[in-house]
Amino acid sequence: MTTDLIQRTLSDQLDPHRPHIGVLTSGGDCPGLNAVLRAATKSAFWLGYQTIGFERGFEGLIDPVSYRILTPQNTGDILGLGGTILGSTNKGRFGARAGVDGRAELAPGLLDQVKATFERLNLEGLIVIGGDGSLSTALQFHEAGLPVVGVPKTIDNDLSCTAYTFGFNSAVYCCSDALDRLHTTAESHSRVMVMEVMGRHTGWIALHGGIAGGADVILLPEIPWTYEHIVDKIEERTRMGRNFTLIVVAEGAQLPDGSLVKKDASANKGGNLQVKLGGIAECVTHELDSRIDQDVRCVVLGHLQRGGGPTTFDRVLSSAFGAHAVRLIVEKKFGQMVCHDPPHILDAPIADAVGELRRVDPHGSVVQTARAMGICFGDTPGYVNPFDVPREA
Ligand code: F6P
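Those letters in the sequence shown? Residues 155 to 547, per this note's numbering, in order.
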C-alpha cells in the first residue's frame with residue numbers, strides 16, 4: 155500500500171473516493187463484539203477499504219443516520235473490551251423476531267430509507283453482527299437486494315449452521331466461575347444451590363457451564379424433568395456423603411407442567427418483540443424447599459453472563475469471523491453468514507442459519523458425557539448408563 159493510500163485510509167473522515175464497508179452490532183450485546191469490529195476494520199484497511207460503523211444497531215442506518223469511521227487506530231485497543239463501542243439495541247424500528255418467536259416483517263418504507271443510506275455512502279457491503287432476530291432483519295435486506303453478510307453473535311449459541319457463536323464461551327466461563335464460588339459456600343453450609351442461567355429457548359449455556367462448573371443437576375429446555383428425580387439425586391448425594399448439591403437451570407426450561415416462566419410485560423419496552431424469560435430458579439427453589447429438609451438458595455446469574463471481556467477462545471473466534479466477513483464482501487458472497495465448522499471458518503446462507511433454532515441434542519455426546527459422570531437431568535430416577543457398555547450389578 156502506498157504512503158498516500160495509507161494516510162487516506164487511516165483518516166477518520168469519510169473519504170468519498172474509497173470503497174466503503176459498513177458494519178453494525180445489533181441485538182443483545184455479548185463479549186467479543188469489539189473484537190469482531192477490530193478484525194473487520196483491520197482486514198478492510200489492508201484491502202484499501204474504509205470502514206463505517208453504524209451506531210445503535212440498524213437504527214444508525216436511518217434518520218437520523220449516525221455512524222463513525224473505524225480505523226486501525228481507533229479500534230486498536232478494543233480487542234478485550236466487553237460490550238460494543240457502536241452501541242446496540244434489541245428494540246426500536248427494526249425490532250425483529252426470529253426462531254420460536256417467528257419472523258416479523260419490517261415496516262414498509264424502512265427498506266427504502268436503508269437503500270438511500272447505502273447509496274449515499276457508497277457501501278459495497280454491510281456486515282451485520284447479530285443473533286437470530288438481527289440476522290433475520292439482515293435476511294430481509296438481502297431479499298430486497300442489499301449487499302449484506304452476517305456474523306453470528308449470541309451468548310445463547312442457538313444459531314444453526316455454526317458450531318459456535320462468539321460470546322458463548324465467555325458466558326460459559328462466567329457460569330463455571332459462579333459455580334466454583336457457589337460450590338464452596340454450598341459445601342460449607344450443606345445447602346442446595348439453584349442457579350439460573352440465560353440461553354433463551356436452548357440449554358447450551360446451562361449444559362456447558364454446568365459441566366465446566368461441576369453441577370450435579372442440569373435442567374434444560376430440551377429434556378423434560380420432574381421434581382421427584384431431582385430430590386432422588388439430592389438424597390443419593392447425601393447417601394454418598396455429599397451434603398450439598400449444585401443445580402443449574404436454563405431460563406428456558408419448562409416446568410414439569412410444561413409451562414415457561416416469563417417476566418411480566420414491563421420487560422418489553424419500545425418495540426422489543428421477544429418473549430422475556432426469567433424466574434424459573436425461584437420456582438424450583440421454592441418447590442424444593444417444600445420437599446427437602448436442607449436449605450435451598452437461589453442465584454440468578456443474569457446479565458453478568460453478557461458483560462465483561464471475551465475469553466481467549468472468543469477473541470480468536472471473533473477475529474476470525476470479522477476477517478472472514480470482509481472476505482465475503484470482497485468476494486460478493488452476499489446473503490451469507492460466517493460460521494465455524496471446526497477447525498474451519500466457512501459460511502452458510504443466512505436463511506439457513508435463522509430458519510430453525512439449534513437446540514441441544516438430548517442424545518448427543520455432551521449430554522452423554524454428563525450422564526456418564528452421574529450428572530442428573532431430572533428425567534430419570536438415578537444413574538442411567540449412556541454408553542453401550544455393560545454395567546456391573
Ligand atoms: O439472547 C441473549 C440474551 O441474553 C438471552 O440469553 C436472554 O434471555 C436475553 O438476551 C435477555 O435480554 P435482555 O437483555 O433484553 O433482558
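Using N, Cα and C, we set each Cβ at its ideal position, and we do this for glycine too.
With fewer than 16 other Cβ atoms from the protein chains shown falling within 10 Å of its own Cβ, Ser-413 counts as exposed. Leu-265 places its beta carbon 8 Å or farther from that of His-174. Ala-505 is the residue among Ala-505, Asn-539, Gly-536 and Ser-519 whose C-alpha sits nearest the C-alpha of Ala-292. Proximity of the beta carbon of Glu-390 to the ligand F6P is not indicated: no heavy atom of the ligand is located closer than 7 Å. In this model, Gly-299 and Glu-441 are separated by some 53 Å (Cα to Cα). Secondary-structure assignment with DSSP links Ile-281 through a beta bridge to Val-177 and Val-303.
According to DSSP, Glu-350 shares a beta bridge with Val-403 and Val-454. In the DSSP assignment, Val-415 forms no beta bridge with any residue.
By the Cβ rule, the region 190-202 counts as touching the region 219-233, because three or more pairs are nearer than 8 Å. Here Phe-320 is near Leu-471, since their CB atoms are less than 8 Å apart. For Leu-201, no alpha helix (DSSP H) run applies, since DSSP gives it neither H nor E. Residues Met-491, Cys-493, Ala-502, Asp-506 and Ala-507 of the same chain have their beta carbon placed closer than 7 Å to that of Cys-315, with the five preceding and five following residues left out of the count. Residues Ile-206, Gly-207, Phe-208, Glu-209 and Gly-214 of the same chain have their beta carbon placed closer than 7 Å to that of Tyr-221, with the five preceding and five following residues left out of the count. By the C-beta density criterion, Ser-519 is exposed, having fewer than 16 other C-beta atoms within 10 angstroms. In the DSSP assignment, Cys-328 falls within the alpha helix (DSSP H) that extends over 322-343.
Judged by beta-carbon spacing, Val-403 lies within the 8 Å limit of Ile-434, meaning their Cβ atoms are closer than that value. When distances are taken from the beta-carbon of Lys-387 to the heavy atoms of the ligand F6P, even the shortest one reaches 7 Å or more. Excluding five sequence positions before and after Asp-370, the CB atoms of its chain that fall closer than 6 Å to its own CB belong to Thr-399 and Leu-400, given in chain order.
Comparing alpha carbon positions, the residue from Trp-200, Gly-202, Ala-340 and Leu-373 closest to Leu-409 is Leu-373. The three-state secondary structure of Cys-315, taken from DSSP, is coil. For Ala-332, same chain residues with a beta-carbon under 6 Å away, outside a window of 5 residues either side, are Leu-455 in chain order. Per DSSP, Cys-437 has no beta bridge partner at all. Here Gly-207 carries a strand assignment [DSSP, helix/strand/coil]. Collapsing the DSSP output to three states places Gln-294 in a helix.
In this structure, Gly-406 places its C-beta atom within 8 Å of the C-beta atom of Thr-356.
For Asp-386, the uninterrupted alpha helix (DSSP H) segment begins and ends at 381-393. Arg-545 sits in coil when the DSSP states are folded into three classes, being neither helix nor strand. The straight-line gap separating the alpha-carbon atoms of Arg-513 and Arg-460 is approximately 20 Å.
Ranking Tyr-318, Gly-279 and Cys-437 by CA distance to the CA of Pro-497 puts Tyr-318 first.
DSSP places Leu-289 within a helical segment (H, G or I) once states are collapsed to three. Note on Ala-261: under 16 other CB atoms within 10 angstroms of its CB, so exposed under the neighbour-count rule. The C-alpha of Ala-360 lies about 12 Å from the C-alpha of Ile-377.
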